[in-house]
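Please read the structure below before turning to the comments.
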Amino acid sequence: MAKARRTTHRSSRGKKLYAVRDSKGRFKDIQTYERAQRADLAKTSKAETAARSRRKKARRKTAKKR
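Quick note on the numbering used here: the sequence shown kicks off at 289 and runs consecutively.
Printed below as a string of structure tokens:
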């Protein structure tokens with residue numbers, strides 16, 4: 289699944305907005321910049337979760353050797 293591309297806009301009050309479009313070019317979702325940024329930071333990537341599981345496995349192996 290491809291990452292959704294966001295285009296930036298400004299609201300009438302001057303807030304920065306992200307607009308996500310679907311495959312036909314229609315607006316799928318419009319978010320404020322702050323809300324989108326917070327959601328991006330809260331989400332962990334596949335690479336991060338894979339690295340975390342590798343570290344857990346390595347810790348288990350060293351604990352068993354003792």
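Think of the CB as a built atom: it goes at the ideal place given N, C-alpha and C, for glycine as much as any other residue.
Identify which residue in the options has its Cα closest to the Cα of residue i.
i	options	result
Y306	I318, S299 and A335	I318
S300	T320, T332 and A327	T320
First and last residue of the beta strand (DSSP E) that includes residue i?
i	result
R294	R294 to R298
Compute the minimum distance between the beta carbon of residue i and the heavy atoms of the ligand SAM, and state whether it is under 8 Å.
i	result
Q319	No copy of the ligand SAM appears in this structure; indeed no ligand is present at all.
Secondary structure at residue i, three-state DSSP: helix, strand or coil?
i	result
T320	strand
K334	helix
R314	coil
K303	coil
If you drop the 5 nearest sequence neighbours on each side, which residues of the same chain put their C-beta closer than 8 Å to that of residue i?
i	result
D310	K316
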